[in-house]
Amino acid sequence: MQDTPSPKPRNLSRKAAIATGLAAVLGGGVAAVTGAVPAAAADLAQQPDTQIAVFMVPVTLLMAVMMFEVGRFAWRNRIPDMTPQRRRPTNWSSGKSAR
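Numbering of the sequence shown is given in the numbering used here, commencing with residue -17 and proceeding in unit increments.
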C-alpha cells in the first residue's frame, strides 16, 4: 500500500489580511459616497424607530438561529435522553462499594 503525504496546510493569514483591507477600503468608499458622517449618524440614532431596530434585529436573529438549531436536533432525532442514575463511588482499596 502506498502512503501519500497529506497536502501542505494552506496559510490563510495572507488571504484574511487582503480580505480585511479590501472590506475596509470598500466600506470607507461607500461611506464617503453616501455621505455618512457622524452628525447624520447621531441624528439618526435619536429616532425611536432606529433605537428599536438596533435592539430587535440582533434579538430576532438570535431567536431565529436558536429555533433553527432546535429544529435541526429534532429532525435528526438526537434529542438528549434523561441522564442515567449515578452509581455510588467504589472503595478501590478493599474492593467493596462505599456506604
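Virtual Cβ for every residue (Gly too), placed ideally from N, Cα, C.
Here the structure is a predicted model, which means the values were calculated and not measured.
The alpha helix (DSSP H) enclosing residue i, as first and last residue numbers
i: D25; result: P20 to A27
i: L(-6); result: Taken as a continuous stretch (DSSP letters only), L(-6) belongs to no alpha helix (DSSP H), as it is neither H nor E.
i: R54; result: P30 to W57
Identified DSSP bridge partners for residue i
i: T16; result: Paired residue(s): none; T16 is not in a bridge.
Own chain partners of residue i with C-beta closer than 6 Å, once the 5 adjacent residues on each side are dropped
i: R58; result: none
i: L26; result: T32
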